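Everything below concerns the one structure shown next.
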Amino acid sequence: MAPENKIDKKKMVVVEGSYAVAHATKVCRPNVISAYPITPQTHIVEDLSQFMADGEIPNCEYINVESEFSALSALVGASAAGARCYSATTSQGLELMHEVLFNISGMRLPVVMTIANRAVSAPISIWNDHQDAISQRDTGWLQLYAENTQEISDMTAQAFKISEDKDILMPSMVCMDGFILSHVYEPIVLLEQDLTDEFLPAFEPDYILDPKNPMSFGAFADPNYYTEFRYLQEQAMQKSLKKIEDVANEFYDVYGRYYGGLIDEYRTDDADIIIMAMGSIIGTIKDVIDKLRDRNVKVGLLKVRSFRPFPAAAIKNALKDAKVVVVLDKNISLGLNEGALFTETKSSLYNTKLDVPIVGYMIGHGGRDIKVDLIEKIIDEAQDVMKTGIKIESQFTDLKEELL
Amino acid sequence: MKEIRIHGRGGQGSVTAAELLAVAAFADGKFSQAFPAFGVERRGAPVQAFTRINNEPIRLRSQIYEPDYVIVQDPTLLEVVDVASGLKEDGILIINSDFDADTFNIDTKAKIMTVNATKIALDIIGRPIVNTVLLGAFAGATGEIEAQSIKEAVKERFPGKIGDRNAEAIQEAYNMMKGAKI
Chain B
2 MAPENKIDKK KMVVVEGSYA VAHATKVCRP NVISAYPITP QTHIVEDLSQ
52 FMADGEIPNC EYINVESEFS ALSALVGASA AGARCYSATT SQGLELMHEV
102 LFNISGMRLP VVMTIANRAV SAPISIWNDH QDAISQRDTG WLQLYAENTQ
152 EISDMTAQAF KISEDKDILM PSMVCMDGFI LSHVYEPIVL LEQDLTDEFL
202 PAFEPDYILD PKNPMSFGAF ADPNYYTEFR YLQEQAMQKS LKKIEDVANE
252 FYDVYGRYYG GLIDEYRTDD ADIIIMAMGS IIGTIKDVID KLRDRNVKVG
302 LLKVRSFRPF PAAAIKNALK DAKVVVVLDK NISLGLNEGA LFTETKSSLY
352 NTKLDVPIVG YMIGHGGRDI KVDLIEKIID EAQDVMKTGI KIESQFTDLK
402 EELL
Chain L
453 MKEIRIHGRG GQGSVTAAEL LAVAAFADGK FSQAFPAFGV ERRGAPVQAF
503 TRINNEPIRL RSQIYEPDYV IVQDPTLLEV VDVASGLKED GILIINSDFD
553 ADTFNIDTKA KIMTVNATKI ALDIIGRPIV NTVLLGAFAG ATGEIEAQSI
603 KEAVKERFPG KIGDRNAEAI QEAYNMMKGA KI
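Next comes the structure, spelled out in structure tokens:
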């Protein structure tokens, strides 16, 4: 049973999602920030720059750079020297970081980076989907997805704690839907400084770059050694499965707020149909579920918070009594005609005793608005799958035939 | 839940108005959500911004297609944008204009109200910036938010004399709409 959120309305203020993230970052007491502005992440770095200019982030250096590649490269050195490091980016900026993402993970540097998820070019689009982060799934970064601005704010502190744990030491992307969450104003409790000082201990790595005690990071591994580095990274990812759950519970103990650990469930207890999704679409789906439950449609939601590590066991357990599973993906693996969450959910259930039909929908590419009607239509189609089996396994939604 | 859509042109403060409305509604004890129709903003182009007001926390993230209320900052938009699109029959359309409401030929069953927000802004604030004035008109016309909450939200965003003058203009627009015959 998930803990109940205890949010004091008196502590809430109406702020922009980007401000909430910038504030949360400040409260986590970073030592080095390096980022390059790009829509729709821009307000986060503007707010952080303002905090720096106002002297509100002590013991911190903000390194101005000329590209995202440089931003993350700067953090390689800073993090290896023992600094708590933060960046933020999106879309083309994240893709430009690709090479450095592997380096940070391979050197086991616990950098935390906000991704204001956005579609990738071409054609150019500044609007939201998840293609940018999903395309980086094999780089060895944890990927957590937030439902609303309260969660993305709080997830920032959680990510530092998970990443910096000495059993983990892996970087994290904390993902928020671009514009939909980065530019929305809504009431939240800004991350509390006193509680965060209690929740998040200082970053004190055992091994750092230090001229007095020289050592190398990520320098060279010949075939005798390379495999073991990869194995240990995977071991750390596996350990982070439990750590993400533990940290979500610790966060609840300190702050009274909870959004799920690896996953969260909504009205799944007796659900025949379970919808799986990530990010801001979760809120809209919950509204649709309440509406359909009033009409006796037994539908529930499995919210996936952690895409990396992939919570295969938690997902399997949540789906064990479902009669049909519907996976919504704001991304596509071109050439497979499937979104990543769909593919990986199917894959994680193969070789198990659980045999439930799963269908996938690719939705909201390039910021196409996801209306209530569309979710209802998908659930209608899931009822048909329950009766007559799968006709189309994976498909695009909301296609405009007249444009094809 | 009440849903409000604001039409304006880039630079007229439509997004700011939506945000201030959300701040004021929350101050009234409601939950609120404000967001722009995310576009490549440029000065003068038609823009939209949205606010939701609800007694419970708001989870819905889609744009607003069937608003309860529509605010139009610039009457020239009526020629290029279907401002009444989806507006509920029992809703209200508030237009910044010095013409009477019945002079507008708009395809809607909703009530149309006009307020000369530009004149109020020029008289009291000294500049033709109407976004805050229209929030006063909205409060007066709909009763969805307290005029005091709007004034406080505006004064917090724009401290000093500018905020005070805006507050005065908000009250003026509020009084005009509150007394308007339905």
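Residue numbers (the numbering used here), protein chains in the order written: chain B, 2 to 405; chain L, 453 to 634. Here a beta-carbon is modelled for each residue, glycine too, at the ideal position from N, C-alpha and C. Computed from a predicted model, the values in this text were never measured in an experiment.
Contiguous alpha helix (DSSP H) elements confined to the region 31-113 of chain B occur at 43-54, 69-81, 92-97 and 99-107, taking only those with 4 or more residues. Sequence-ordered contacts of the region 456-487 of chain L with chain B read E471, A474, V475, F478, F483, S484, Q485, A486 and F487 [C-beta pairs closer than 7 Å].
If you look at L329(B), you'll find it in the beta strand (DSSP E) that goes V325 to D330. In the three-state reduction of the DSSP assignment, L145(B) falls in the strand class, which pools E and B. A314(B) sits exposed, since fewer than 16 C-beta atoms from the chains shown fall within 10 Å of its C-beta.
The criterion of a C-beta distance shorter than 7 Å is not satisfied by T197(B) and A249(B). Not one beta carbon of chain B lies nearer than 7 Å to the beta carbon of R579(L). By the C-beta density criterion, K603(L) is buried, having at least 16 other C-beta atoms within 10 angstroms. With respect to chain L, the C-beta atom of E187(B) has a partner C-beta closer than 7 Å. At a cut-off of 3 residues, the continuous stretches assigned as beta strand (DSSP E) that sit fully inside the region 554-578 of chain L are 563-567. For Q515(L), the nearest CB of chain B lies under 7 Å from its own CB, placing it at the interface with that chain. The region 215-231 of chain B and the region 52-71 of chain B do not touch, with fewer than 3 CB-CB distances between them shorter than 8 Å.
The three-state secondary structure of K392(B), taken from DSSP, is coil. Our two residues, P59(B) and M156(B), have alpha carbons roughly 22 Å apart in a direct line. Residue contact check for R511(L) against chain B: a CB pair falls below 7 Å. Apart from sequence neighbours up to five positions away, the residues of its chain that approach D270(B) with a beta-carbon distance below 8 Å are G301, ordered along the chain. H24(B): member of the alpha helix (DSSP H) spanning G18 to V28, first to last residue. Exclusion of the five residues before and after R85(B) leaves P31, N32 and F204 as the residues of its chain whose Cβ lies within less than 6 Å of its Cβ. The shortest CA-to-CA distance from G284(B) to any of Q485(L), H459(L) and A470(L) is the one to Q485(L).
Judged by their CB atoms, D526(L) and K454(L) are not nearer to each other than the 7 Å cut-off. Residue environment for E531(L): exposed (fewer than 16 other C-beta atoms within 10 angstroms of its C-beta).
Along the region 276-306 of chain B, the beta strand (DSSP E) occurs as fully enclosed runs of 3 or more residues at 300-305, listed in sequence order.
Not a single CB atom of chain L sits nearer than 7 Å to the CB of H44(B). Taking 8 Å as the cut-off between beta carbons, the residues of the region 23-49 of chain B near chain L are P41, in sequence order. When 9 Å is used as the limit between beta carbons, S281(B) is near these residues of chain L: R513, in chain order. Under the three-state reduction of DSSP, R513(L) is assigned to coil, being neither helix nor strand.
With a threshold of 16 other beta carbon atoms within 10 Å, E5(B) falls short and is exposed.
Going by beta carbons, V327(B) and A383(B) fall inside the 7 Å limit. Here P527(L) carries a helix assignment [DSSP, helix/strand/coil]. In the three-state reduction of the DSSP assignment, R617(L) falls in the helix class. Under the 7 Å criterion on CB atoms, V360(B) is classed as non-interfacial with respect to chain L. Contact annotation: L472(L) and A593(L) have beta-carbon atoms that are not nearer than 7 Å. In the structure shown, T353(B) adopts coil according to DSSP, grouped into three states.
Counting other Cβ atoms within 10 Å of its Cβ, G463(L) stays below 16 and is therefore classed as exposed. In terms of CA proximity to I135(B), F308(B) leads the group D322(B), F308(B) and I39(B).
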